[in-house]
Amino acid sequence: MMIALRFIASLAILIGCLWAARLATAAFALSLPAPLLGLVLLFILLQTGIIKSKYLLPSCGPILKYMAVFFIPAGVGLICYLDILGENAWLLVSVLTLVPALGLLLTGKLASKGRYYD
Amino acid sequence: MINMLLGCSVTLVLFFVMRRLNQRWRSPVLNPVLLCIVLISACLLITDVDYIDYRNATTPISFFLEIAVVALALPLYQQLHAIRPYLVLICACSFVGISSATLLAFLLCQLFGASTALSASLMALSVTTPITLIVTDSLNGLPGVAAIMVILIGVLGGVFGLSLLRLAGVTQPQAKGIALGVACHAIGTAAAMEHHPAAGAFASAAMIISAVITASWVPVLFTLLQGIIS
Chain B
1 MMIALRFIAS LAILIGCLWA ARLATAAFAL SLPAPLLGLV LLFILLQTGI IKSKYLLPSC
61 GPILKYMAVF FIPAGVGLIC YLDILGENAW LLVSVLTLVP ALGLLLTGKL ASKGRYYD
Chain V
119 MINMLLGCSV TLVLFFVMRR LNQRWRSPVL NPVLLCIVLI SACLLITDVD YIDYRNATTP
179 ISFFLEIAVV ALALPLYQQL HAIRPYLVLI CACSFVGISS ATLLAFLLCQ LFGASTALSA
239 SLMALSVTTP ITLIVTDSLN GLPGVAAIMV ILIGVLGGVF GLSLLRLAGV TQPQAKGIAL
299 GVACHAIGTA AAMEHHPAAG AFASAAMIIS AVITASWVPV LFTLLQGIIS
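Chains as they are written, first to last, in this note's numbering: chain B, 1 to 118; chain V, 119 to 348.
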């Protein structure tokens, strides 16, 4: 029972941040995505100590651990675009290989300029 | 209501079965999300169920997508003191990595003459899927295409990323972690964690920081690039 209550309370904090961010983006016509603003908002609340991280753990733990499951419905949406995928197969293959390769090489090289203390 | 119960339970059960499978044979190729998407897509195509019906039946699952983005604030907060000395470096790396990946994807789209909707779906592929979906949505792209591409990029990065970095002469685990986190999001981060604990910590910090940078910077960059082309 307590566990369920803790879960609901911490989920309510997350939803509260998301809604506050939605209101803010709508009210000020911001082009920033609302969930991102919610992330920043929650981060500020944590950093200023208004919200303790232990309040968030009951819902954040499972949500972050199983985050991948939330993408499945969106991913299945690809069946609406099978013809587009087929027509652009070469573009997609080159994006799939070249984009992460360039990203890895550039960031890897740049990051290895840093001095790290073990 | 019955549809919703059926859609959600089938999706969740399949995901946990695939996760088990992935834990048994540890391989990024057996990515649970990828397997689930392929299997459910095949089922819908075979049984002739409309995608819209499936999407409506799984709204409770999709509802958590935006909440998961907000929840990313917690790991960022928890790691901040460990990475504080490297914060500027990680931000600079993320910015360079994201910008160059977006630029390359845009150039490839122009080269192959892709439609605007398709180009918009290929702009934000280096980051974690919820951010990609949000950015794709704001650019009027095709979320289904973006989601599957992000996952495939993560899988490729997880399989080949570390070897590529070794070939390029990147030796420090921290640098490898940053590169994997920026270029290959959560699946790359998982590979970095298996490689070295320091690499894992830097990868997850880099992943979250590049999520913030992507969501705010890629839409601007895409608009700029389109302005230059037209």
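We treat Cβ as the ideally placed atom computed from N, Cα and C, and that holds for glycine.
Which bits of chain V does I79/B rub up against, with CB to CB less than 8 angstroms?
In chain order: S159, L162, L163, Y169 and G262.
Go ahead and label F133/V buried or exposed: buried means 16 or more other beta carbons lie within 10 angstroms of its beta carbon, across all protein chains shown.
buried
Anything in the region 170-183 of chain V with a Cβ closer than 7 angstroms to a Cβ of chain B? List those residues in chain order, please.
Along the region 170-183 of chain V, going in chain order, the ones with a CB nearer than 7 angstroms to a CB of chain B are Y172, R173, T176, I179, S180, F182 and L183.
Just curious, the alpha helix (DSSP H) that Y172/V is in, first and last residue?
Y169 to A175
Please say whether S180/V and A21/B have beta carbons closer to each other than 8 angstroms?
no
For the alpha helix (DSSP H) containing A232/V, list its first residue and its last residue.
No alpha helix (DSSP H) holds A232/V; DSSP gives it neither H nor E.
Check each candidate in I155/V, L229/V, L194/V and T177/V and name the one with the smallest Cα separation from V76/B.
I155/V
List, in chain order, every chain B residue whose beta-carbon is nearer than 8 angstroms to that of S218/V.
Within chain B, the residues near S218/V are L102, G103 and L106.
Beta-carbon within less than 8 angstroms of C227/V's beta-carbon, same chain only, minus the 5 sequence neighbours each way: which residues are those?
L236, S237 and L240
Amino acids of chain B, ordered along the chain, whose beta-carbon sits closer than 8 angstroms to that of Q292/V
Against chain B, the beta carbon of Q292/V has neighbours under 8 angstroms at A111, G114 and Y116, listed in chain order.
Output the distance between the C-alpha atoms of L82/B and L339/V, rounded to the nearest integer angstrom.
Cα to Cα, the separation comes out at about 28 angstroms.
Given A111/B as reference, the closest of L298/V, L251/V and T165/V once Cα atoms are compared:
Of L298/V, L251/V and T165/V, the smallest CA-CA separation from A111/B is found for L298/V.
Sub-8 angstroms separation of G125/V and A160/V beta-carbons:
no
Would you call K54/B buried or exposed, if buried means 16 or more other Cβ atoms sit within 10 Å of its Cβ?
exposed
Helix, strand or coil: how does DSSP classify S348/V here?
coil
Tell me whether R137/V sits in a helix, a strand or coil according to DSSP, three-state version.
helix
Kindly indicate if chain B contains any beta-carbon less than 8 angstroms away from that of F230/V.
Yes, because at least one Cβ of chain B sits closer than 8 angstroms to the Cβ of F230/V.
Find out if the Cβ-Cβ distance for the pair P337/V, S218/V is shorter than 8 angstroms.
no
Taking the CB atoms as reference points, tell me whether H303/V and T341/V lie closer together than 8 angstroms.
No, the pair does not count as a contact, with Cβ atoms beyond the cut-off.
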